[in-house]
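Taking it in order: structure first as structure tokens, then the write-up.
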Amino acid sequence: MLFDTHTHLDQKEFDSNRDEVLRRAQEAGVKYLVAVGCTASDSQKCVQLAAQYDGVYAAVGIQPNYIAEAGVNDWAVIEELATATGVVAIGETGLDRHWDYTPFDIQQDYFDRHIRLAQKHDLPFVVHMRDCDDDIMQMLRKARQSGLLKGIMHSFTGDAQMAAECVELGMHISFAGMLTFKKSQALRECAATIPDERLLVETDCPYLSPEPVRSKRPNEPAFVRHTATCLAEVRQVSLDELAKQTTKNACRLFGLTS
Ligand code: NI
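Position one of the sequence shown corresponds to residue 370 (our numbering), numbered consecutively onward.
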């Protein structure tokens, strides 16, 4: 049994075949997944999907690259959605220096808002990071001053030292398809160092399919099995054991009974 902790099931790539995609996920042993919003309207759609499908939960937030185009009421929408049925996390949030879509100080302001909203409702927050490890760590250290953090470093691509500090701050570390790529040896070595109880798996679908289905597009929740298989090999445990551990971790973090 697997838990895909980060999908964009709301995206238009799945509009024509969402039932089929979810059936394939079930067949692959993926019992649960989180549909993660990147905008206020995407977040609304994620909440609807959680209401519609068994085993589907929602995360609501405004992803850093979409803040600049957000409407004036969008943050209020997120605040309201935070208490909707099926919402298990706030995000995705975080920081991104790769794309220059949102001024960085505004990204920091929204990252801070997401963390505080998550803390207010005792929900985990979902962190996206790209080309800004130091900036992320600075904000996490600051947030830690008001208590142990409850959140996910999503599609983690940092090094073992950064992962260890995130774990110390209270965070969970989630690995996506990039872990399976040939060039990702350093990331696999990092993945071997994460404590059992803080480890998660995800697809981040429809983006970046894992090996050996890397050429298949879109990526879909069923493919989390490949990333889990890679992670099990790296950590020298059986797939079954890895699946059990990561599902248990996700259920505990999201407040679900498995
Ligand atoms: Ni994402």
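Ideal Cβ positions, reconstructed from N, Cα and C, are used throughout, including at glycine.
| Query | Result |
| --- | --- |
| Do you know how far the Cα of ARG499 is from the Cα of HIS467? | 6 Å |
| Which residue wins for smallest C-alpha separation from GLY398, given the options CYS407, GLY463, ASP373 and ASP379? | ASP373 |
| Just list the alpha helix (DSSP H) runs in the stretch 389-424, keeping only unbroken ones of 4 residues or longer that don't cross its boundaries, in chain order. | 409-421 |
| If you measure from the CB of GLU382, is any heavy atom of the ligand NI nearer than 6 Å? | no |
| Would you say the beta carbon of GLU571 comes nearer than 6 Å to a heavy atom of the ligand NI? | no |
| Could you check where the alpha helix (DSSP H) with GLU534 kicks off and where it finishes? | 529-538 |
| Three or more C-beta pairs closer than 8 Å, one from the stretch 617-627 and one from the stretch 560-574: is that the case here? | yes |
| Closest to GLN554 by C-alpha separation, out of ASN442, ASP565, ALA529 and LEU577, would be which residue? | ALA529 |
| Following a CB-centred definition, is LEU610 positioned closer than 6 Å to any heavy atom of the ligand NI? | Sequence inspection shows Glu at residue 610; the Leu mentioned does not correspond to that position. Checking every heavy atom of the ligand NI against the Cβ of GLU610, none is found closer than 6 Å. |
| When you compare each of HIS541, THR596, GLY520 and ALA409 to ALA445 by their alpha carbons, which one comes out closest? | ALA409 |
| Using three-state DSSP, classify ARG583 as helix, strand or coil. | coil |
| Flag this pair as touching only if the stretch 436-456 and the stretch 588-608 have three or more C-beta atom pairs under 8 Å; answer yes or no. | no |
| What residue range does the alpha helix (DSSP H) around ILE459 cover? | No alpha helix (DSSP H) contains ILE459, which is instead part of the beta strand (DSSP E) from 456-465. |
| By how many angstroms is the C-alpha of VAL582 removed from the C-alpha of TYR576? | 12 Å |
| Report yes if the CB atom of ALA545 is closer than 7 Å to the CB atom of MET370, and no otherwise. | no |
| Which of helix, strand or coil does DSSP assign to THR471? | coil |
| What residues are listed by DSSP as bridge partners for VAL496? | THR462 and MET522 |
| Going by DSSP, what residue range makes up the alpha helix (DSSP H) through ILE447? | 443-450 |
| Reducing DSSP to helix, strand and coil, say where TYR426 ends up. | strand |
| In three-state DSSP terms, what is LEU371? | strand |
| Starting from PHE623, trace the alpha helix (DSSP H) in both directions and tell me its first and last residue. | 608-623 |
| Going by the CB atoms, is the gap between CYS501 and MET522 shorter than 7 Å? | no |
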